[in-house]
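Here's the structure, in structure tokens; my notes come after.
Protein chains: 2
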Amino acid sequence: MRLETINLTDIKIEDRFWSKHIHLVKDVILPYQWDIMNDKVPGAESSRCLENFKIAAGRRQGEFYGAVFQDTDIAKWMEAVGYSLSSGRNQELEALADGVVDLLAEAQQPDGYMDTYFIIREPDKKWKDLCEGHELYTAGHMMEAAVAYYNATGKRKFLDCVLKLGDLICETFGPGEGQNHGYPGHQEVEIGLIKLYEATGNRKYLDMAKYFLDIRGLGENYFLKEQKSPDYLHIFPEFEDYDPRYSQSHKPVREQDTAEGHAVRAVYMYCAMADVASAYGDEAMLEACRRLWENITEKRMYITGGIGSSGILERFTTDYDLPNDYNYSETCASIGMALFSLRMANITRESKYADVVELELYNNILAGVALDGKRFFYVNPLEVIPGNCIPRTSREHVKEQRQKWFGVACCPPNIARTLASLGQYIYGTDKDQIYMHLFISGQTCFRVGNSTVSLEVESELPWRGEVSTSLTGVPESGICINFRIPAYARDYTICSGGRQIPYENCRGYASVRVTEDTKLQIRFSIEPVFVRADVKVSSDVGKVAVMRGPLVYCLEEKDNGNNLAALFADTEKGLWEEPSEEFGGIIAVRFQGKKMVNSSRHLYETYEPQYETREIRAIPYAYWNNRGVGEMAVWVKAIIK
Amino acid sequence: MRLETINLTDIKIEDRFWSKHIHLVKDVILPYQWDIMNDKVPGAESSRCLENFKIAAGRRQGEFYGAVFQDTDIAKWMEAVGYSLSSGRNQELEALADGVVDLLAEAQQPDGYMDTYFIIREPDKKWKDLCEGHELYTAGHMMEAAVAYYNATGKRKFLDCVLKLGDLICETFGPGEGQNHGYPGHQEVEIGLIKLYEATGNRKYLDMAKYFLDIRGLGENYFLKEQKSPDYLHIFPEFEDYDPRYSQSHKPVREQDTAEGHAVRAVYMYCAMADVASAYGDEAMLEACRRLWENITEKRMYITGGIGSSGILERFTTDYDLPNDYNYSETCASIGMALFSLRMANITRESKYADVVELELYNNILAGVALDGKRFFYVNPLEVIPGNCIPRTSREHVKEQRQKWFGVACCPPNIARTLASLGQYIYGTDKDQIYMHLFISGQTCFRVGNSTVSLEVESELPWRGEVSTSLTGVPESGICINFRIPAYARDYTICSGGRQIPYENCRGYASVRVTEDTKLQIRFSIEPVFVRADVKVSSDVGKVAVMRGPLVYCLEEKDNGNNLAALFADTEKGLWEEPSEEFGGIIAVRFQGKKMVNSSRHLYETYEPQYETREIRAIPYAYWNNRGVGEMAVWVKAIIK
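Line order of the protein sequences matches chains G and Z.
Heads up: the first sequence begins at 0 in numbering that gives the first Met the number 0, then just goes up one per residue.
Heads up: the second sequence begins at 0 in numbering that gives the first Met the number 0, then just goes up one per residue.
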């Protein structure tokens, strides 16, 4: 049985680490993105996202502007608003959102269709360009948004709109004669349809999602066929000479065993595959999910959780091919990987999946947003030399600093919705079982039979492995609470009333049965360590990275001077912690090393290098580039003796 | 006074190292490329180069096929034929070439215009797309070809054709009213025009070349202006949002001090700048040449001589930005760099320039062609993991093996013309002075006053630093012979009659005055050494490369197993030589080291790596990928103690 997610309205987060980021969503990111979408931020790339809807609704005259999936900016914003309102209603924000809903409803066509690109610019091409048109992708984000807004506010108007859109999709697509036998060029609608099913109980949406997965990659490739049609609209130049692996349509999804193609498409599909696998008890599908997850995490993922190692086509490449300075590691891809891993954690109850959820959230995802909430990374390199990231080169996609906005702006609102829905990642429940995947302070409650059990959590993560929990309302029949044992945790103990109590280790969760209101303390030591990659990772062999608990650390020029590549860690001398007030309070890590200094007169020369002893300082990767532009490196060379 | 180049007809090369490559030109490469250009090689990319001329000449009906500069394939082939015939006439080849000349002459238009792309496809756009149209580039190659063919055979027909073309260019372009004030989007015609001047003594061609250099980058950028014209024809998608640095038109050429933009364009321009600087005694121009050459060789060149470190736009990037696995290092760019360095050597008589000529020839250029003469590298990486060089990724331009031909096929015929004209790089003369830039066995003769001096050279380079020379016909007034002292040479001595004789070191040349027929032996020791890059080269810091004399070495999987990145050189234990019969006879180099072997179960883990002791073998970089596909690396990590 898959664990259920607790409603966000029943989860309150008050966490020393996360709250400052989450508050930014409401206080800064949502208002900022609202201004962006209304083109009120000077110096940021134009969005005109809402303008497009006004044109589609007939309120304004004009041309469509932006990417073919420009509508998803407002969808992800609305989804973030929904999640944000779950933890506390807000008149002002809700008024804005209700206005958006009215606009979207006005822009929606009588048959339920809603996609401003096609409404405004290509009304005759609807559903005829599944490969590049992104209509189903956009629809999926609208569905996710509407369900989030409905769950938070109980208001049905947006939900009703997207149900109508969902109905149109269910009529339009399918195996029947006269139906379109295609499937999305960018997966996402599957997730949206599943959420419509979860919100309404109407199984046709779930079946539709399953259908899209079932036919994907079967027989002649739909996109290659579609591209041959004289009607076909080429939107992206890079889609010529199309490789079906790009959209994971190269073979049936149950037969896929390596993560291929565009990373965001891939992980969004894997999310839906996991949902469908558990909803239908589809073992072959679940097995494919396990294989794909293993392939990513054991062969194709950066230590920071980044996925998609090619800057061209934002795609997976081959096993162990993980270059640090020209990778993509899109923020959205890590968000998708966290969502996929969360589903796998809830389905399998194995802690390794939640380990990756945590890794993604604390590293590649959080790195996507500046501490002030106003700038964003789309690409997340592990090594940057600012002057080298110049336009019209192999590193043009790598930015040396977070950007205000992007022409293709999928990442910023995706971060907003992720932070606003952080609660969904923390717990899973099943009858009298509660699983704590993440150690984040706050309160929640959940139903066990007729009782409502409350759980209060005080966590010192990620800085210290100390978590106090207080359960109240525990029924006499008892409940079973399962705390994740992170792979990095040492000396994991659980205490009650000052005394250590035994626990069972169930697939990486410490399982404790309680039959009365109880306070439990989980303790484990978190130490900074040098981590190495498998030696088959040619980019990292001979190097070490610093981790401490879930946090990956990095070196910045600000702390260590320039030419970080010339630093060598003396791994035998250990690491020490340095509490710091920077970044709202962190524990930095220091270690001994040396720096190779120049002693050559020419570019290439036979010479004995000189070294200086150095103390090297590392800070959490998520916080890099918050102190100005400079070099950054996650991996540092180690002295080999 | 600039040193003069000896006519190729007066140079005979009989060299243990080079002859096997040079013979390939006549025996394999020229016939093979002939078949390619006539589309007779199965599995190779289509060329249809000659077909285009037949259509332009009206012999056939059809459409233009190929790149806008497809004509240059036959031009470079003709140039190579010319050089090849210089060392020995060949009826069969000459008959083919004469046929080509007839065809070209037939395709040429009455006003002298000859460019099949515009004649066939865009007759109204002639000279209206200097940015992308490549007409002047193509014209330049035609001029070089015609001069080479004329110098070898004395036949004027081809030369007369291109003189007519040159006249048309001189009429069309210039500062006059009604003239086109543009300049080439891809430099090359400047070199061609200078060669027309050298062949005919007609200074207007030289002036035209100077004009193109003088106006480049002056005032409003010509290409940006041109692109705004409604007439403008966009050919290359990557030329949108054009950056004038790409074609070195961002500032006046005399003011340029860093090598920017497309590497081949850059170095072809620098060649013409050097020629013009010496022809006009233009000190500012020469100073710019010196600065640009220093910028490349001290900050932007690979150890192999490769230039252009970005796979995107084949361009220079920034100082010390020299990634090894996704660089470009186009074969043509190194050819241009050798030509530029040769000019600088002849102008300045400083040995450092000839050092780079030698480096380019023995490494990045020679690597461009397989030992069998039938496959070619366009891109020359310094590190390859074959499975990672896959299409549609950041490394799609890197090929794991030499290719039969290319859609854009500038490199293969460029290598052919370079090998066929190797003689031009060896000597420079000025009255009673002879300079020996390169140590290549063979015979030559040159005039000193009324005497003809013969020089016979027996060189053991690159394997041993032993060069015997025999001068006959030395006039009583004497001559001065200047042997280059390579930067890598140790214990450089010159002997005559078994006795060491003194020499003067003039800017890196050992200068000896002789007044009678003399045999001189130059000896220096060539030892394998570990070379390091400046520590500012982040890709190479902590690594070493093996060099021996002019040869850069590399590690291949064939000799060292896979995962070359896991090897560490023990530089304290030295290097030793291993004579081998492979590749027609080489000296391989071996050294001690260790290999990190896997001891992790997961992709990222805290573990103590294990090492195995290894003897590592290196072979000349130029010969890599002649024993099948496998990993290759020039730089190897060094153990740091």
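Ideal placement from N, C-alpha and C gives every residue a C-beta, glycine not left out.
What you are looking at is a predicted structure, and each value in this text was computed from that prediction instead of being measured.
From the DSSP output, which residues share a beta bridge with residue i?
i         : result
G/Met-546 : G/Val-528, G/Val-551
Z/Glu-465 : Z/Arg-522
G/Asp-429 : G/Gln-432
Z/Glu-143 : Note: Z/Glu-143 sits in no beta bridge, so no partner.
Z/Ile-618 : Z/Cys-553
Z/Met-300 : Z/Ile-306
G/Phe-172 : G/Asn-179
Z/Gln-442 : Z/Lys-11, Z/Glu-455
G/Met-631 : G/Val-383, G/Glu-555
Z/Ile-639 : In DSSP, Z/Ile-639 forms no bridge with anything.
Z/Ser-450 : Z/Val-447
G/Glu-259 : Answer by DSSP bridge pairing: none, since G/Glu-259 is not bridged.
Closest Cβ-Cβ distance between residue i and chain Z: below 8 Å?
i         : result
G/Glu-297 : yes
G/Asn-504 : no
G/Ser-537 : yes
G/Asp-533 : yes
G/Ser-309 : yes
G/Thr-317 : yes
G/Asp-166 : no
Measure from the C-beta of residue i to each C-beta in chain G and report whether the shortest distance is under 8 Å.
i         : result
Z/Glu-604 : yes
Z/Phe-567 : yes
Z/Arg-391 : yes
Z/Phe-557 : Reading the sequence as shown, one finds Lys at residue 557 of chain Z and not Phe. No, Z/Lys-557 does not count as interfacial toward chain G.
Z/Ile-638 : yes
Z/His-601 : yes
Z/Tyr-352 : no
Z/Pro-243 : no
Check for me: the beta strand (DSSP E) holding residue i runs from which residue to which?
i         : result
G/Tyr-491 : 489 to 495
G/Asn-504 : 503 to 505
Z/Ser-556 : Residue identity differs from the one stated: residue 556 of chain Z is Glu in this sequence, not Ser. It is not in any beta strand (DSSP E) - Z/Glu-556 instead sits in the alpha helix (DSSP H) that spans 556 to 559.
G/Leu-574 : 574 to 579
Z/Met-595 : 585 to 596
Z/Arg-498 : 498 to 500
Z/Ser-510 : 508 to 513
Z/Leu-657 : Outside the shown range of chain Z, which is 0 to 640, sits residue 657 of chain Z, and nothing can be said about it.
Looking at the secondary structure, which residues open and close the alpha helix (DSSP H) in which residue i lies?
i         : result
Z/Gln-90  : 90 to 106
G/Ala-276 : 262 to 279
Z/Ser-85  : 70 to 85
Z/Val-534 : Neither: Z/Val-534 is in no alpha helix (DSSP H) and is coded neither H nor E.
Z/Ala-419 : 410 to 419
Z/Asn-481 : Counting along the chain, Z/Asn-481 falls outside any alpha helix (DSSP H), though it belongs to the beta strand (DSSP E) covering 478 to 483.
Z/Phe-339 : 330 to 347
Z/Ser-18  : 18 to 23
G/Asp-354 : 350 to 359
Below 8 Å on the Cβ atoms is my contact criterion, and I expect residue i with residue j to pass it. Report the Cβ-Cβ distance as a whole number of Å.
i         : j         : result
G/Lys-75  : G/Asn-413 : 6 Å
G/Asp-14  : G/Gly-583 : The Cβ separation is near 12 Å, so there is no contact.
G/Tyr-377 : G/Thr-330 : 6 Å
Z/Val-588 : Z/Glu-577 : 7 Å
G/Cys-270 : G/Ile-389 : Going by Cβ atoms, the distance from G/Cys-270 to G/Ile-389 rounds to 36 Å, so no, they are not a contact pair.
G/Val-356 : G/Leu-370 : Going by Cβ atoms, the distance from G/Val-356 to G/Leu-370 rounds to 22 Å, so no, they are not a contact pair.
G/Tyr-649 : G/Arg-483 : In the structure as shown, chain G starts at 0 and stops at 640, and residue 649 of chain G therefore has no counterpart that could be examined.
Z/Ile-10  : Z/Gly-422 : 4 Å
Would you please verify whether the beta carbon of residue i is less than 8 Å from any beta carbon of chain C?
i         : result
G/Asn-597 : Given the protein chain composition of this structure (G and Z), no chain C is represented.
Self-check item: beta strand (DSSP E) segments (min. 3 residues) lying fully within the region 200 to 242 of chain G
Solution: For the region 200 to 242 of chain G, not a single whole beta strand (DSSP E) run of length 3 or above is found.
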